[in-house]
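Chains A and B, in that order, give the protein sequences. With the working numbering, the residue at position 191 of the first sequence is 191, and numbering never jumps. With the working numbering, the residue at position 113 of the second sequence is 494, and numbering never jumps. This report refers to the structure that appears directly beneath it.
2 protein chains.
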Amino acid sequence: MPGPKKKTAKTKRAQPKATPAADIQSFRERIDGIDTQIHQLLNERARVAKQVGASKVAQGLHTADFYRPEREAQVLRKAIERNEGPLRNEEIVRLFREIMSACLAQEEPLKVAFLGPEGTFSQQAVLKHFGHSVRALPMGEIREVFEEVQAGHADFGVVPVENSTEGTVNHTLDMFLMSPLKICGEVELRIHQHLLGKMSGLPAISRVCSHQQSLAQCRQWLDEHLPGVERIAASSNAEAARRARDEDGTAAIAGQTAAEVYGLNLIAHDIEDRPDNTTRFLVIGRKPFDASGNDKTTLLFSAGDTQSPGTLHRLLTPLAQNNISMTRIESRPSRKHKWDYVFFIDVQGHASESPLKEALEALKKQASLFRVLGSYPCAVL
Amino acid sequence: MPGPKKKTAKTKRAQPKATPAADIQSFRERIDGIDTQIHQLLNERARVAKQVGASKVAQGLHTADFYRPEREAQVLRKAIERNEGPLRNEEIVRLFREIMSACLAQEEPLKVAFLGPEGTFSQQAVLKHFGHSVRALPMGEIREVFEEVQAGHADFGVVPVENSTEGTVNHTLDMFLMSPLKICGEVELRIHQHLLGKMSGLPAISRVCSHQQSLAQCRQWLDEHLPGVERIAASSNAEAARRARDEDGTAAIAGQTAAEVYGLNLIAHDIEDRPDNTTRFLVIGRKPFDASGNDKTTLLFSAGDTQSPGTLHRLLTPLAQNNISMTRIESRPSRKHKWDYVFFIDVQGHASESPLKEALEALKKQASLFRVLGSYPCAVL
């Protein structure tokens, strides 16, 4: 479909592709000019960041102390605010994360421990949050992630705290019962599952193919909408989508990307059983950080031995009275007494700022165990 | 170790950390200003890139055609040339790759097939070469990477061609015998192995721990320098380095990074048996590209049935006469006749430019089979 032709003289007939070479050349020159400016600014930014570092070193702080999650969150929020495109917020945030990562890594790259092996969602979370200029250290167990950070061998750790398979969550929460480490960030990887295929509706489906975990995440939906239809485990969702493209009667469960990549119809969307099918990770470190302006706080507390029905409600009253939103609550056995529970609660706000500060003071008085596990910036994209 | 104190008045005693807050604040404001400029330039670059795209669409080209490996190589080489630091060339190249990746992905992200699963070196090679704004599609076999590209389901493919374990190389070369695809890039991931430990020399080592592949890559060196010392396979080199830190008498084979991360001594460096312990990948696509100014060409040819001793020498004469450097030669059975071989040769230069152009014309006349598999930019970092 050739569009309206430009009136540029076609001098170079010899050129195999009929591109208006002069146009392309002038665009490229403009891009080269822009790149030169970007390049200068990147190095200027790195120089200023180095000065910040030098002034911190002069005060006896270590390189790992240069990383300020609250500052990074602010930089990224500002970038989203001022973004007018055409680059999408997602791309801009990714580029600025990488720029900060490169500037920070000038002295000594941050070491970040995570639950390995390499190639896992946990590693994705590390790179999404810290950029690619860090040293990501794979650990065999969640416990080891905590140990490496506590011993100072790693500057930070990234551990899963909520995911759809659930296996690891409790382990992470239980670690906080024993560990003095602080939560200093969160990372979210959202996962939506869709039913994809070449067919136009459910009746034409004779088998559903996907990675075992994705099949498990959509079990209820499949039981309800495709009872009796064979389910086949594939090595990956991408592999499943490819089969759906090549085999008659095969549908795949996979993400939006797979539909586009393999040219499949979206037969049913968001079929995951849990609407919040997000894997959420916590960043753990050795010290607390300042407020970023949009923060979350994770609390650990217990009512003690009294197990009267109104205990939890009474404990939560100070939060309600101070208008604090609670975004999550989990209970776990305290491991001290039978039927004694501890609660992990996520609330909005930073522990050092009103109104959360006052609410926590009141809560503290009533709880037998009370700890702020950390105040940290809400995940930016 | 507090350094020389600045004379800034410490007004804010309440602040827990003794940072000269005013200094930090002014640095941060400067960085915010720089970020705003970078941001504007990134979007301006994206707009110009979009115009280039629009002008190509107007000529009936597809989005996948916007990717120009020779242009990308030129942009990166210019960036290295003008780089004065403090950001290292490696970081600058990485950032510009990501910027180009984001600009290119505005319309529709490139789809790149690779030998999966995710988390492999092949995936690393895809992301290193194309940046993170592509859709990386894991395939189960090298053959499938070729098929996906040939069918147009993927825009490009990335396949290993040389690696230390060797298993996959021949398979890739053999695919080129049948496939019409063109080589349009190369990616190098260099791997150096070191012997690391807490001890200061070889006599104190009672066991060597590493990933099985790394142990295999250093077998000769170990046989020679540490005969009879136990070799233990670990799940990763990082795991091995951790054991070397925690266990007396254990040394690890791992990269430079592990020495820094785990605080180990470098007992012996570059102990890999092959000095060129680089995994090299080829980027494959459906069409050839123009010269970038520093290119390589891969040729496939055969002398035919005559197996007289001087055949290969005679075939290579036109290259020598035209002063063409040959960087690599591999022979493979032609699969047509017994003892009939084909040769894969890498030479410097682009097939469309002198002196390679003339040399190839002469070579072509003498060979029974002759194909230019591709001319492509030499790997940039």
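C-beta: ideal position from N, C-alpha, C; glycine also. Just so we're clear, the structure is a prediction, and the values are computed from it rather than from any experiment.
Minimum C-alpha distance to residue i - residue among the options
| i | options | result |
| --- | --- | --- |
| A:GLN213 | A:HIS313, A:SER235, A:GLU358 | A:SER235 |
| A:THR36 | B:GLY730, B:SER436, B:ILE461 | B:ILE461 |
| B:VAL642 | A:PRO227, A:MET175, A:GLU186, A:PRO109 | A:PRO109 |
| A:SER101 | B:ALA483, B:ARG475, B:MET707, B:ARG626 | B:ARG475 |
| A:THR278 | A:MET199, A:GLY152, A:ARG190 | A:ARG190 |
| B:SER673 | B:ILE634, B:ARG426, B:GLU734 | B:GLU734 |
| A:LEU360 | A:GLU247, A:THR298, A:GLU72 | A:THR298 |
| A:ASP273 | A:SER334, A:LEU42, A:HIS225, A:GLN59 | A:HIS225 |
| B:PHE447 | B:ALA748, B:ALA435, B:TRP602, B:LEU457 | B:ALA435 |
| A:SER199 | A:GLU90, A:ASN294, A:LEU266 | Rather than Ser, the amino acid found at residue 199 of chain A in this sequence is Met. Nearest option by C-alpha distance: A:LEU266. |
| B:VAL515 | B:LEU663, B:PHE751, B:VAL433, B:ARG478 | B:ARG478 |
| B:ARG588 | B:ALA403, B:VAL507, B:LYS437, B:PRO608 | B:PRO608 |
| B:ASN470 | A:ARG71, A:HIS39, A:ARG88, A:LEU300 | A:HIS39 |
| B:ALA622 | A:ASP23, A:ASN43, A:MET139 | A:MET139 |
| A:PRO355 | A:ARG231, A:ARG245, A:ASN322 | A:ASN322 |
| B:ILE613 | B:GLY644, B:VAL542, B:HIS592, B:TRP602 | B:HIS592 |
| B:SER756 | B:GLU620, B:SER749, B:PHE670 | B:PHE670 |
| B:ASN464 | A:GLU84, A:TRP221, A:ASP32, A:ASN43 | A:ASN43 |
| A:ALA238 | A:GLY263, A:ASP223, A:TRP221, A:LEU222 | A:GLY263 |
| A:ALA58 | B:VAL507, B:GLN637, B:ASP404 | B:ASP404 |
| A:ARG71 | A:ASN294, A:LYS365, A:HIS313 | A:ASN294 |
8 angstroms Cβ cutoff met for residue i and residue j
| i | j | result |
| --- | --- | --- |
| A:ARG47 | B:PRO467 | yes |
| B:ALA632 | B:GLY582 | no |
| B:ARG624 | B:CYS590 | yes |
| B:VAL568 | B:LYS509 | yes |
| A:ILE99 | B:LEU422 | no |
| A:ILE271 | B:ARG426 | no |
Rounded C-alpha distance that separates residue i from residue j
| i | j | result |
| --- | --- | --- |
| B:VAL723 | B:HIS731 | 21 angstroms |
| B:ALA649 | B:HIS575 | 6 angstroms |
| B:ALA535 | B:LYS563 | 14 angstroms |
| A:ARG143 | A:ASP346 | 22 angstroms |
| B:GLY666 | B:VAL539 | 9 angstroms |
| B:HIS573 | A:GLY152 | 27 angstroms |
| B:CYS759 | A:ALA216 | 46 angstroms |
| A:GLU358 | A:ALA320 | 12 angstroms |
| B:GLU628 | B:ILE586 | 11 angstroms |
| A:LEU315 | B:ILE634 | 54 angstroms |
| A:GLU230 | A:ALA259 | 21 angstroms |
| A:ARG280 | B:ARG409 | 30 angstroms |
| A:LEU282 | A:LEU104 | 21 angstroms |
| B:THR692 | A:GLN25 | 45 angstroms |
| A:VAL161 | A:ILE329 | 12 angstroms |
| B:LEU754 | B:ALA506 | 20 angstroms |
| A:LEU222 | A:LYS56 | 56 angstroms |
Same chain, Cβ closer than 6 angstroms to residue i, five either side skipped, listed in chain order
| i | result |
| --- | --- |
| B:LEU744 | PRO699 |
| B:SER712 | TYR722, PHE724 |
| A:ARG371 | LEU300 |
| A:LEU369 | PHE301, SER302 |
| B:GLY566 | PRO450, VAL664, TYR757 |
Close beta carbons around residue i, own chain, < 7 angstroms, minus the five adjacent residues each side
| i | result |
| --- | --- |
| A:PHE130 | SER101, LEU110, VAL112 |
| B:LYS431 | GLN487 |
| A:MET175 | ILE142, ARG143, PHE146 |
| A:GLN348 | LYS296, ILE324, SER325, THR327 |
| B:VAL761 | ALA454, LEU457, ARG458, VAL474 |
| A:HIS132 | GLU98, SER101 |
| B:GLN601 | ASP654 |
Nonlocal neighbours in the same chain, by C-beta distance under 8 angstroms from residue i, ignoring five residues either side
| i | result |
| --- | --- |
| B:LYS386 | Note on B:LYS386: pLDDT 40, under 50, position unreliable in the model; the coordinate value appears next. Result list for B:LYS386: empty, nothing under 8 angstroms. |
| B:VAL530 | ALA494, ASP536, PHE537, GLY538, LEU562, ILE665, GLY666, ARG667 |
| B:LEU558 | LEU681, ARG713, SER715, ARG716, VAL723 |
| B:GLN504 | PHE495, GLY497, ALA517, PRO519 |
| B:GLY630 | MET580, ALA585, ILE586, SER587, ARG588 |
| B:ASN551 | ARG713 |
| A:THR172 | ILE142, VAL159, PRO160, VAL161, LEU282 |
| A:ALA367 | PHE301, SER302, ALA303, GLY304, LEU315 |
Run through the stretch 505-563 of chain B for me and flag every whole alpha helix (DSSP H) of 4 or more residues, listed as ranges in chain order.
If only complete runs of 4 or more residues are kept, the stretch 505-563 of chain B shows the alpha helix (DSSP H) at 523-531, 550-559, in order along the chain.
Ignoring anything shorter than 3 residues, give me the beta strand (DSSP E) runs that lie fully in the stretch 294-336 of chain A, in order along the chain.
Within the stretch 294-336 of chain A, the complete beta strand (DSSP E) runs of at least 3 residues are 295-302, 326-333.
For the stretch 426-509 of chain B, list the alpha helix (DSSP H) runs that are entirely contained and at least 4 residues long, ordered along the chain.
Runs found: 450-463, 470-485.
Extract the residue ranges of the alpha helix (DSSP H) inside the stretch 555-630 of chain B, only unbroken runs of 4 or more that lie entirely within it.
Those alpha helix (DSSP H) runs which fall completely within the stretch 555-630 of chain B and span 4+ residues are 593-598, 600-606, 618-627.
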